[in-house]
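Colleague:
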Amino acid sequence: MDNIKVTDIDIKIESKEDIINYLKSTDRIDYNALINIFKSNDEIILSRKEIISLLKIINDKSNRRCPYCDSRFISRHQKYTKYKDGVTKERFRCKECRKTFSDTTNTIFHNAKLPFEKIQMCVKEVTSDNTIRKAAKNLDISVPTAFYMKHKILNNKVAVDI
Numbered sequence: 268m269d270n271i272k273v274t275d276i277d278i279k280i281e282s283k284e285d286i287i288n289y290l291k292s293t294d295r296i297d298y299n300a301l302i303n304i305f306k307s308n309d310e311i312i313l314s315r316k317e318i319i320s321l322l323k324i325i326n327d328k329s330n331r332r333c334p335y336c337d338s339r340f341i342s343r344h345q346k347y348t349k350y351k352d353g354v355t356k357e358r359f360r361c362k363e364c365r366k367t368f369s370d371t372t373n374t375i376f377h378n379a380k381l382p383f384e385k386i387q388m389c390v391k392e393v394t395s396d397n398t399i400r401k402a403a404k405n406l407d408i409s410v411p412t413a414f415y416m417k418h419k420i421l422n423n424k425v426a427v428d429i
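Going from the sequence shown to the numbering used here is simple: count from 1 and add 267.
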């Protein structure tokens, strides 16, 4: 397996444990790193529960900021179970702008109707040289959904290396 350029360094990721260990060991991680891992790895498909836990690692207490005003003054707002598999999500509230957000806010997983596993495959397809129609056919989704996902990936405050 090739090394994956995550941020400034190349790392070798061969399993889910490698992803988790990398995210826990580094002092600064961004959402870009997770996208690059999804983009360059066909074998590792993470479940919804694993993705939510990775987003919690990325947005841990020391890194968490309001996605709207970039303030560090936030508080827990509520906990809820949104998914059938029992994944508990948590909402936070900014003390400055008073808006609420979760770990998936401003990510490609926010308000996602597709299964998280399919979103990961979608990252690989829509960032490759394939047309949107070909990506939609390969993923067994509609062309408007593939178009929406491509723009969600590219416009989501992420500079994906294409």
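Positions of the beta carbon are idealized from the N, C-alpha and C atoms, including for glycine.
Please name the residue in Cys333, Ala379, Thr355, Arg332 whose C-alpha comes closest to that of Thr412.
Modeller: Ala379
Colleague: So for Thr367, helix, strand or coil by DSSP?
Modeller: strand
Colleague: Going by C-alpha to C-alpha distance, which of Asp337, Arg358, Pro334, Asn330 sits closest to Arg343?
Modeller: Arg358
Colleague: Would you mind working out which of Ile399, Thr355, Cys336 sits nearest Lys366, comparing C-alpha positions?
Modeller: Cys336
Colleague: Closer than 7 Å by C-beta to Lys417: which residues in its own chain qualify, once you throw out the five before and the five after it? Chain order, please.
Modeller: Non-local C-beta neighbours of Lys417 in its own chain, meaning closer than 7 Å and more than five positions away in sequence, comprise Val393, Ile399, ordered along the chain.
Colleague: From Thr371 to Asn397, what distance separates their C-alpha atoms?
Modeller: 27 Å
Colleague: Rounded to whole angstroms, what is the Cα-Cα separation between Glu284 and Arg331?
Modeller: 23 Å
Colleague: Put Cys247 into one of helix, strand or coil per three-state DSSP.
Modeller: Any answer about residue 247 is impossible in this case: the structure gives the chain only from 268 up to 429.
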